[in-house]
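Please read the structure below before turning to the comments.
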Amino acid sequence: MRSALLGLVVLVSFVSSVFAAAPKEIPVVYMTKSITPEGMVRAYQALNWKPSGRVAVKLSTGEPPASNYLRPQLIADVVRLAGGTIVECNTAYGGSRAESAMHYQVAKDHGFTAIAPFTILDEKGDASLPAAGVHLKENLVGKAFADFDSYLVLTHFKGHAMAGFGGAIKNISIGLASHTGKCLIHSAGKSRTNPWGGVQDHFLESMGEAGKSVSDALGQGARIAYINVMNRLSVDCDCDGHPDEPDMHDVGILSSSDPVALDQACVDLVYAQKDGEGASLVNRIESRHGLHTLENAEKIGLGRRKYRLVSLD
11 MRSALLGLVV LVSFVSSVFA AAPKEIPVVY MTKSITPEGM VRAYQALNWK PSGRVAVKLS
71 TGEPPASNYL RPQLIADVVR LAGGTIVECN TAYGGSRAES AMHYQVAKDH GFTAIAPFTI
131 LDEKGDASLP AAGVHLKENL VGKAFADFDS YLVLTHFKGH AMAGFGGAIK NISIGLASHT
191 GKCLIHSAGK SRTNPWGGVQ DHFLESMGEA GKSVSDALGQ GARIAYINVM NRLSVDCDCD
251 GHPDEPDMHD VGILSSSDPV ALDQACVDLV YAQKDGEGAS LVNRIESRHG LHTLENAEKI
311 GLGRRKYRLV SLD
């Protein structure tokens with residue numbers, strides 16, 4: 011009996027080690043070069059994502075007067091297909107979207123209220139999500155975050171003055187944070203009132219920590235999906251009302267259930283440009299140490315940098 015039990019223990023140990031060593035499935039990133047409403051639908055449907063309950067569509071409404079936000083005509087079909095309410099949070103740096111009344115007006119002026127219901131998540135304050143990070147122990151999102159069961163994240167991929175690039179990770183971290191939450195992320199947990207002057211790498215790491223808290227809150231990532239649009243690839247974010255002109259051509263639309271893989275694929279496509287195209291965006295990413303966002307996001311389990319790119323064309 012003793013030898014039989016010992017053999018059972020060895021067998022269980024062997025089976026456990028096999029399962030523990032089994033590699034995770036490499037995430038898929040879908041891509042179409044067609045930056046059209048049809049291309050958006052194709053990228054969305056490729057995910058075979060089935061949202062449950064009330065659906066939020068997170069995007070940037072764009073800072074007036076001339077930012078490169080995703081145009082309503084491009085995204086309207088996908089928003090309707092998902093049955094979503096467009097959601098945003100107010101900014102922490104002033105401008106035309108720092109207060110709810112002004113922000114609603116911008117959403118109307120930019121055409122978003124014409125294609126779907128629109129809600130500012132932090133209009134009535136914030137709510138705390140647990141964050142098991144080095145810098146963040148909580149992530150303050152808009153109070154209405156929990157009013158929605160599933161999130162479709164539509165992101166205009168581009169450069170960013172502070173993060174180097176703005177993609178899906180930024181959209182679910184800074185983008186879903188309340189005013190106070192944005193300050194906490196920018197300061198790496200040091201300040202609830204001042205978003206400026208933090209340590210750069212700590213800020214980048216905090217974005218990943220905040221993003222993971224959002225993903226964890228949505229069924230460990232099961233109730234959130236991502237689409238990045240690579241057009242108007244300026245070095246400047248859509249929070250800039252006067253962005254620099256891009257120095258590279260439009261690339262396409264990418265989608266994935268993994269935000270790290272998705273952003274990594276977009277970065278790789280920027281770096282793959284030839285004859286000097288995209289040099290300013292590469293410089294913006296590297297001068298802000300932007301790749302560290304991806305390195306740390308993978309390290310903390312938000313997603314994987316290795317991916318399989320599947321063409322939809």
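In the numbering used here, the protein residues as written are 11 to 323.
For each residue, glycine too, the CB sits at the ideal point set by N, CA and C.
Burial is judged here by how many other beta carbons sit within 10 angstroms of a residue's own beta carbon; Pro127 has fewer than 16 and is exposed. In the three-state scheme derived from DSSP, where H, G and I count as helix and E and B as strand, Asn149 is classed as strand. Under DSSP, Pro127 forms no beta bridge with any residue. Counting the other CB atoms within 10 Å of its CB gives His145 a total of 16 or more, which places it among the buried residues. Looking at the backbone, the Cα of Thr71 and that of Cys249 are separated by about 9 Å. With a cutoff of 8 Å on beta-carbon distance, Gly94 and Val116 are scored as not near each other. A residue is called buried when at least 16 other Cβ atoms come within 10 angstroms of its Cβ; Asn78 meets this threshold and is buried. The region 270-289 and the region 222-232 do not touch, with fewer than three beta-carbon pairs separated by less than 8 Å.
Around the CB of Pro269, 16 or more other CB atoms lie within 10 Å, so the residue is classed as buried.
Burial is judged here by how many other beta carbons sit within 10 angstroms of a residue's own beta carbon; Lys192 has at least 16 and is buried.
Shortest Cα-Cα distance from Ser183 to any of Pro61, Ser106 and Lys68 involves Lys68. Ranking Thr42, Tyr236, Lys309 and Val224 by CA distance to the CA of Asn149 puts Val224 first. In this structure, Ser244 lies near Gly169, with their beta-carbon atoms less than 8 Å apart. Within the same chain, Cβ atoms closer than 6 Å to the Cβ of Arg52 are found at Thr42 and Leu322, the five residues on either side in sequence being excluded.
Contact annotation: Leu301 and Ile237 have beta-carbon atoms that are not nearer than 8 Å.
Two segments are said to touch when three or more pairs of C-beta atoms, one from each, lie closer than 8 Å; by this definition the region 285-301 touches the region 248-267. As computed with DSSP, Leu162 is found in a beta bridge with Val67 and Ala235. In this structure, the alpha-carbon of Tyr281 lies about 28 Å from that of Pro82. Assigned with DSSP and collapsed to three states, Phe167 falls in coil, not helix or strand. For Lys316, the closest alpha carbon among the candidates Ser266, Glu133 and Arg298 is that of Ser266.
For Glu219, the closest C-alpha among the options Arg233, Ile125, Asn181 and Met240 is that of Asn181. In the DSSP assignment, Ala137 falls within the unbroken beta strand (DSSP E) covering Asp136 to Pro140.
Rounded to the nearest angstrom, the Cβ distance from Ile45 to Ile263 is 6 Å, consistent with a contact under 8 Å. Annotated as proximal: Tyr103 and Pro205, with beta-carbon spacing under 8 Å. Exclusion of the five residues before and after Thr129 leaves Thr95, Val97 and Ala154 as the residues of its chain whose Cβ lies within less than 7 Å of its Cβ.
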